[in-house]
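Below: the structure, in structure tokens.
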């Protein structure tokens, strides 16, 4: 798991987002163990408290569960919940800005890359 950190958001949020991407992409599936705090901290060269904070967000979002003495695991339905959550976030927060920029630039939907032309 290679992460390039940016200065726009706190590292724990970026780490949470990367772990969420791994769940959404199916790299981490239901029942899979997440890497340990120590492992992530060592691999990413970040403070263990930062890692714990990111993992706690995933617990609070009901995407992973702590199993005492065993670690953290992706729970059943996490991918579906996460997909719904991320879709809503995109439509509520990101899409309005994108739509506004499309309009400002005078673009038509069929001019956008990736659109099939009839």
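In the numbering used here, the protein residues as written are 33 to 150.
Backbone N, C-alpha and C define an ideal beta-carbon position, used for all residues, glycine too.
- Classified as buried, residue 110 has 16 or more neighbouring CB atoms from the shown chains inside 10 Å of its CB.
- Residue pairing by DSSP places residue 65 opposite 105 in a beta bridge.
- Bounds of the beta strand (DSSP E) holding residue 96 are 96-99.
- As the crow flies, the alpha-carbon of residue 51 is around 28 Å from that of residue 131.
- When only Cα atoms are considered, residue 60 and residue 81 end up about 22 Å apart.
- Residue 66 is a Cβ neighbour of residue 106, given a cutoff of 9 Å.
- Residue 127 sits in a helix when the DSSP states are folded into three classes.
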